[in-house]
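According to our numbering, the stretch in the sequence shown is residues 39 to 469, in order. C-beta: ideal position from N, C-alpha, C; glycine also. Have a look at the structure below before the remarks.
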Amino acid sequence: MPTHKKHLDFDLRLSVEGDRYFAKVSNSPAGESEKSQISLQFGSESLEALRLRLADAVRRRSGSGVSPASKEESLLREFGDQIFRAIFRNTFAVATKFEASLGIVRERSDELEGLRVKLHVDSPELALLPWEFMFDKAMGHEDAYLCLNNRSPIVRFLDIEGPPTRLPVDGPVRILGMVSNPCAAEWPDLDVEAERTRIDMALKDLPAGSVELKWVHGGSTDRLFDMMQEGPWHIFHFIGHGGVDEYTDEQGQQRTRGFVLMQDGDGKPVKVYGSGLGGMLQADGSLQLAILNCCEGARGAISSAGASLVSWGLPMVIAMQFPITDGASARFAERFYRSLSMGETVEHALTTARQGMLCAGGMEWGIPVLFSRSGSSVVFQAGVRKTPVTPITVTPPASMSTLPTYAVAPVVNLKAQDEFRKMLSRRSGAR
């Protein structure tokens, strides 16, 4: 197992008051800062419209291979540079704490890996933005994105009272995978086998007894519930579709909530919202990490399916903020699990996965979002049980379940959301 250098935390809180944006360093190696107004100049364009434009740029750049910077990449880089400069360079109170913190890390480089940027985004509208594309020109090279560097991982931190209670992993790390690919014209068929195969390949060379991998038969909530009873499980990996619905609350306010798409006994799609999925997963009490490899599982951050799982008690969740192609999804899974299985932290494994996606070209490496409520990295150091176990037990998912599903919302897309999803799914294989 590798020897881990620790990260120091740089906690940055972002908020909105009226039409003004604010930032405050709530914790850092150099101390706190005062709350300061920041200048984010997006013109007359709404943040939602900006998010859609950035998502489309990622889509257009996907699968293009390694090539000179395109206009889409230039757009994403300019956005990343703009938000980084506005906060970490041009806001004096934040900039001084950031530079001082970097200096402390440099002075202790023999024992420290770097500075973990923990974003506490209080505003739903700011949470829409893809902060993972923050770009620091001062680093002096073209790929100066913070989250592509192990020295500067980005975490979306959720302020939830009470630390998650999790016991150390005793014996093999147990991974429960689930594939949901319902039969519906409005949801494109996914190449789920490629991702499953890459996960299997990433884990196959581990020592006997160190990892157990099982797959849920079918894509229904009932089958998932049944498999959860065979725990403990330490990682849950979902492959399928996801999205966000809008609704009006009791006060007449427009809200959003994220969902993953599962299926009923006839293979038809049903939406399972983050709260329902969280209720099933947290009952196990041992789950350390969930990965939602589906479209828009991180959209909106605060109300997303990924954030909902963290609010239900999971220490860490990785979810996707934009549609992701099947190829990029499979590469992410392989690189992530290969790094994680070597004893790396979740942050390090995610950075490695991003770097692997970058090598294949495109900008989809910025799609994964890491949500956390954990004060430190979750490190999986698989032990070995005294009784022999099969290193990897692969139980292929069935095409559909014959069991009834729980009461979940039917699939009824809002017109605007449906048009946007169709636009982003024009490329074959986009989730």
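Looking at the DSSP output, residue 51 bridges to 62 and 158. The DSSP assignment places complete beta strand (DSSP E) segments of no fewer than 3 residues inside the region 216-257 at 249-253, in order along the chain.
Taking all protein chains shown into account, residue 242 has fewer than 16 neighbouring C-beta atoms within 10 Å of its C-beta and is therefore exposed. In the DSSP assignment, residue 363 falls outside any alpha helix (DSSP H) and carries neither an H nor an E.
The Cβ neighbour count for residue 156, taken over all protein chains shown within 10 Å, is at least 16; the residue is labelled buried.
For residue 354, the pairing in a beta bridge is given by DSSP as 327 and 410.
Shortest Cα-Cα distance from residue 304 to any of 66, 194, 266 and 222 involves 222. Put simply, the region 321-331 touches the region 260-276. At least three CB pairs are less than 8 Å apart. Pairing residue 312 with residue 296 gives a Cβ-Cβ distance under 7 Å. Beta bridge pairing from DSSP links residue 310 with 298. For residue 369, the closest of 351, 359, 331 and 385 by C-alpha to C-alpha distance is 331. A check of alpha carbon separations from residue 360 across 129, 168, 164 and 74 identifies 168 as the nearest. Restricting attention to 252, 380, 136 and 278, the CA atom closest to the CA of residue 266 is found in 252. By alpha-carbon distance to residue 50, the top candidate from 219, 42, 137 and 66 is 66.
Taking a contact to require three or more Cβ pairs closer than 8 Å, the region 146-161 and the region 50-62 qualify as touching. By the criterion of a C-beta distance shorter than 6 Å, residue 151 is surrounded in its chain by 43 and 45, once the five residues flanking it on both sides are discounted. In terms of Cβ geometry, residue 132 and residue 61 form a close pair [threshold 7 Å]. Residues of the same chain with a CB within less than 6 Å of the CB of residue 215, apart from the 5 flanking positions on each side, are 253 and 275 in chain order.
Apart from sequence neighbours up to five positions away, the residues of its chain that approach residue 93 with a beta-carbon distance below 6 Å are 360, ordered along the chain. Taken through DSSP and simplified to helix, strand or coil, residue 261 comes out as helix. The beta carbon of residue 119 lies closer than 7 Å to those of 173 and 175 in the same chain, with the five residues before and after it left out. Counting the other Cβ atoms within 10 Å of the Cβ of residue 239 gives fewer than 16, which makes it exposed. The Cβ atoms of residue 129 and residue 74 lie closer than 7 Å to each other. The Cβ atoms of residue 248 and residue 210 sit closer than 7 Å to each other. The three-state secondary structure of residue 166, taken from DSSP, is coil.
Contact between residue 236 and residue 372 holds, with the beta-carbon distance rounding to 4 Å and staying under 8 Å. Among the bridge pairs identified by DSSP, residue 292 is matched with 286. For residue 285, the CB contacts under 6 Å within the same chain, skipping 5 residues up- and downstream, are 293 in chain order. Per DSSP, the beta-bridge partners of residue 152 are 45. In the three-state reduction of the DSSP assignment, residue 196 falls in the coil class, being assigned neither a helical nor a strand state. Residue 78 and residue 224 have their alpha carbons spaced roughly 37 Å apart. By alpha-carbon distance to residue 171, the top candidate from 140, 401 and 377 is 401.
DSSP places residue 267 in no beta strand (DSSP E); its state is neither H nor E.
CA-to-CA, the gap between residue 357 and residue 228 works out to about 17 Å.
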